[in-house]
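Participant:
Chains as they are written, first to last, in our numbering: chain Z, -16 to 251; chain P, 8 to 584.
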């Protein structure tokens, strides 16, 4: 199967700092893939390159066969990529429903002139959009909270609302930036189940960032490990778990040796 | 939370000095003296006296509020704090005596009045309740007595049973408001009921005693029986269909009222209403830019100027005239010019945010004003001489030469602006603006084209401003560059902030308070800006969201007080689809 997202030699520098260096990744359609790595490895920068917030200095990013690097963020979103943020970035003073309605923006057509005159087409579109927004709200389990301001929602609900807002644009590829950040182990587990349901229900592709390795092992089919901007390993969860370079990146050299022994003895 | 209740003497002292300080301040800036001849009721009560006792009233009110659990203690304490609050005033009397009126006592070699112009013999007269320096002891005694009594009155607002205090407050407030706005009220009464009625209600500028008593009684009764809450409860009892029908009728009545208003209130007030309407129109435009799209624009007056100059040049019968259009034909051009310049300003500032944007737009406003003033453009738009001889609008032979006619133009423009604003607010574009206001980066990541969204905000906002400018030029007949100064931008912004950011009723209320009131309170002349400033400070402290805020904004600033919030129940995820 052809990869839906492919990056080739993507490099992003900030002055002298190389945040992402020659990063290659291939994301299969309908898969759940993950980019993992310690804090500060450059994962979010890589996401920002995909979504157009940064333009990489070198390399190409292909989405659905077309290159997208250099396009502005709104065009990239319109082409079918949606994202969430590590530190939740909802429209804090808008209601939950309004947040989702904004998310639907790329799919709506009516012009501002038609909304001044409230043409039939515009009214129908708005009604449909509202219905869809309510459905998404139910889908992520926030029924009845549509009129709450986003910043008044509890933390977990905000995370889900952010996902609902991303889904509202009906993306082909969903980028989740640390969807379990700040959650306890049980909430994290629930979120992982939810992410899998999402993929199975909607048939979309999901690429997520995590720095907690254990969280992603359960659901990811393909994992790329990033450290200091570079890809240090790639493979399915099993391969990654046993990879000494990965363990080293996470725990340091000394610990890696010890852990390796441990895994080996557990394996036997 | 406070660990220990403050000792009673401290409360008395604090509130007393605070209240007395306010009173002394009002004396020093001259408010008390300036209005010592301005009678509110007959020849009994002057506005100066009201100003003087306001601070003392506050002293009693504050004391009583902190001690209200023990009524007897509170009453006694407020009496005492009234006495305390007279101390700063007594100090003023002595200072005036020693350093202004009788310098020989201490051998003072300078006259303090050179610095504090208001330390005058008249002030001493007022403060000693007419006794003057000859009967100083008696005068001071009377002042202390008055302070104690007024402080007690302040305490009564808090300590009396709720109904009584509501009645008292509304009675006093209505008498004061009608007394202060006597000029306005008498103009309305003249139009409605004729000269004879005025003689019953007003003597010179003051209320007649009997009118004051009647107004007090009516207001007291409505306050006492809290009529408006009763109406509200009754209203909520009515079935929904009937409610909406009543609302419809009320709306129509309000509209009809708006239509006859200029003929009810007379010429002078119509002019004030015209100015208010003009600001409503303009501020609705600024509200789109600042309130919805979150782009802080301090040069909004530029669009007002473009509208005015377009109207001027296209319609004037003077030598600068080009096109020789009439008012109605020129209006679309005003709007068009506003839109074009909105876009022209919009382009260079697309990348700017917050403070930077404010500074650049501020500069833009000044550039336009100075360009209008320059000799370079003078052959085209008159330079410092301005554009003269702009004809009044002419509608089917009626020449709109009085504010009573122009009022309708402004009402029509305001209604259109409000209509467009409401429709856009509810639409996809409105959501784009608000998303951009909340977080520009995320808005872009949601597929929103920032360039287009910002430019639309600037262009639509500018078109309202230019429309207002065009109407204004036609009303005035002559326009000059110096009219388009920064103060207009700031005023417009203040209207939005006071009214409530992003709220249309807020803009109307804001314009009434900040534009209409100063027109009516002409007699306060140099004190207007002091009051304006005090009002702004109080508003920002007490009601930062504005007088009539948008629902969401109210929630945003008062979240902590909202106890009704229910936690999210955990619902099964992915149950739909």
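We put the beta carbon where it would ideally sit given N, CA and C, even for glycine.
With a CB to CB cut of under 6 Å and the five nearest residues on each side skipped, what residues in its chain are close to residue 467 (chain P)?
Facilitator: Excluding sequence neighbours, residue 467 (chain P) sits near 295.
Participant: In chain order, what residues of the same chain have a beta carbon less than 7 Å from the beta carbon of residue 36 (chain Z), not counting five sequence neighbours either side?
Facilitator: Correct list, in chain order: 56.
Participant: Would you kindly work out how many angstroms separate the C-alpha atoms of residue 389 (chain P) and residue 336 (chain P), rounded to a whole number?
Facilitator: Taking the straight line joining both Cα atoms gives about 22 Å.
Participant: I want to see whether chain Z comes within less than 8 Å of residue 454 (chain P), judged by CB atoms only; does it?
Facilitator: Output row for residue 454 (chain P): interface = yes.
Participant: Is any beta-carbon of chain Z found at less than 8 Å from that of residue 434 (chain P)?
Facilitator: So yes, residue 434 (chain P) belongs to the interface.
Participant: Could you tell me the boundaries of the alpha helix (DSSP H) in which residue 525 (chain P) lies?
Facilitator: Looking at the DSSP string, the run of the alpha helix (DSSP H) that includes residue 525 (chain P) is 524 to 527.
Participant: Less than 8 Å between C-beta atoms, sequence neighbours within five positions excluded: which residues of the same chain meet that for residue 173 (chain P)?
Facilitator: For residue 173 (chain P), where only same-chain residues beyond five positions count, the Cβ hits under 8 Å are 230, 231, 233.
Participant: Quick one: which chain P residues come within Cβ less than 8 Å of residue 101 (chain Z)?
Facilitator: Going along chain P in sequence order, the residues near residue 101 (chain Z) (Cβ under 8 Å) are 430.
Participant: Can you look up residue -8 (chain Z) in the DSSP assignment and give me helix, strand or coil?
Facilitator: Note: residue -8 (chain Z) maps to strand in three-state DSSP.
Participant: For residue 11 (chain P), which beta-bridge partners are listed by DSSP?
Facilitator: DSSP, once it has assigned bridges, lists no residue as partnering residue 11 (chain P).
Participant: Taking only the alpha-carbon atoms, compute the straight-line gap between residue 265 (chain P) and residue 246 (chain P) and give it to the nearest angstrom.
Facilitator: Cα to Cα, the separation comes out at about 28 Å.
Participant: Have a look at residue 234 (chain Z) and residue 198 (chain Z) and give me their C-alpha separation to the nearest angstrom.
Facilitator: Cα to Cα, residue 234 (chain Z) sits roughly 17 Å from residue 198 (chain Z).
Participant: For residue 424 (chain P), which residues does DSSP report across the bridge?
Facilitator: In DSSP, residue 424 (chain P) forms no bridge with anything.
Participant: Nearest to residue 82 (chain Z) by CA position, among Z:148, Z:101, Z:70, Z:201, is which residue?
Facilitator: Ranking Z:148, Z:101, Z:70, Z:201 by Cα distance to residue 82 (chain Z) puts Z:148 first.
Participant: On the criterion of 16 or more Cβ atoms from any shown chain inside 10 Å, does residue 316 (chain P) qualify as buried, or is it exposed?
Facilitator: Classification for residue 316 (chain P): buried.
Participant: Taking contact to mean at least 3 C-beta pairs separated by less than 8 Å, is the segment 148 to 161 of chain Z in contact with the segment 61 to 76 of chain Z?
Facilitator: These segments touch.
Participant: Which residues of chain Z have a Cβ atom closer than 7 Å to the Cβ of residue 463 (chain P), listed in chain order?
Facilitator: In chain order: 95.
Participant: Quick one: which unbroken alpha helix (DSSP H) runs of 4-plus residues sit fully inside the segment 142 to 199 of chain Z? Chain order, please.
Facilitator: Entirely contained in the segment 142 to 199 of chain Z, the alpha helix (DSSP H) runs reaching 4 residues are, in chain order, 168 to 185.
Participant: Sort P:511, P:43, P:462, P:79 by Cα distance to residue 348 (chain P) and report the nearest one.
Facilitator: Ranking P:511, P:43, P:462, P:79 by Cα distance to residue 348 (chain P) puts P:462 first.
Participant: Output needed in chain order: residues of the segment 167 to 179 of chain Z with a Cβ under 7 Å from some Cβ in chain P.
Facilitator: Within the segment 167 to 179 of chain Z, the qualifying residues are 177.
Participant: Given a limit of 9 Å on CB to CB distance, which residues of the segment 35 to 49 of chain Z reach chain P?
Facilitator: Here the close residues are 35, 36.
Participant: With distances taken between CB atoms, is the gap from residue 151 (chain Z) to residue 141 (chain Z) smaller than 8 Å?
Facilitator: Cβ distance not < 8 Å, so residue 151 (chain Z) and residue 141 (chain Z) don't count as in contact.
Participant: Below 8 Å between beta carbons: does that hold for residue 66 (chain P) and residue 84 (chain P)?
Facilitator: No; because the gap between Cβ atoms is not below 8 Å, this pair is not in contact.
Participant: Chain P beta carbons: is any one of them nearer than 8 Å to that of residue 74 (chain Z)?
Facilitator: Answer yes: the Cβ-Cβ gap between residue 74 (chain Z) and chain P drops below 8 Å somewhere.
Participant: Can you name the residues of chain Z whose CB is closer than 9 Å to the CB of residue 441 (chain P)?
Facilitator: Here the neighbours are 74, 76, 77, 81, 85.
Participant: What residues match up with residue 262 (chain P) in a beta bridge as DSSP calls it?
Facilitator: DSSP lists no partner for residue 262 (chain P).
Participant: Is the segment 374 to 385 of chain P close to the segment 503 to 512 of chain P, with three or more CB pairs under 8 Å?
Facilitator: With a cut-off of 8 Å, the segment 503 to 512 of chain P and the segment 374 to 385 of chain P do not count as touching, because too few Cβ pairs lie within range.
Participant: State yes or no: is the beta carbon of residue 129 (chain P) nearer than 8 Å to at least one beta carbon in chain Z?
Facilitator: False, the Cβ-Cβ gap to chain Z never drops below 8 Å.
Participant: Tell me the DSSP secondary structure of residue 18 (chain Z) in three-state form.
Facilitator: Of the three classes helix, strand and coil, the one that applies to residue 18 (chain Z) here is strand, per DSSP.
Participant: Within the chosen definition, does the segment 445 to 455 of chain P reach the segment 485 to 499 of chain P through at least 3 CB pairs nearer than 8 Å?
Facilitator: Because the criterion of three Cβ pairs below 8 Å is not met, the segment 445 to 455 of chain P and the segment 485 to 499 of chain P do not touch.
Participant: Check residue 277 (chain P) in the structure and name its three-state DSSP category.
Facilitator: Here residue 277 (chain P) sits in helix by DSSP.
Participant: Taking 6 Å as the limit between beta carbons, can you name the residues of its chain near residue 1 (chain Z), skipping five residues before and five after?
Facilitator: Closer than 6 Å at the Cβ level, and outside the excluded window around residue 1 (chain Z), lie 212.
Participant: Any beta carbon from chain P within less than 8 Å of residue 66 (chain Z)'s own beta carbon?
Facilitator: Yes, residue 66 (chain Z) lies at the interface with chain P (some Cβ there is under 8 Å from its Cβ).
Participant: Ordered along the chain, which non-local residues of its own chain (more than five positions away) have a Cβ less than 7 Å from that of residue 425 (chain P)?
Facilitator: Contacts found: 291, 511.
Participant: So with CB distances below 7 Å, who are the chain P contacts of residue 61 (chain Z)?
Facilitator: Ordered by position in chain P, the residues that pass the 7 Å Cβ test against residue 61 (chain Z) are 454.
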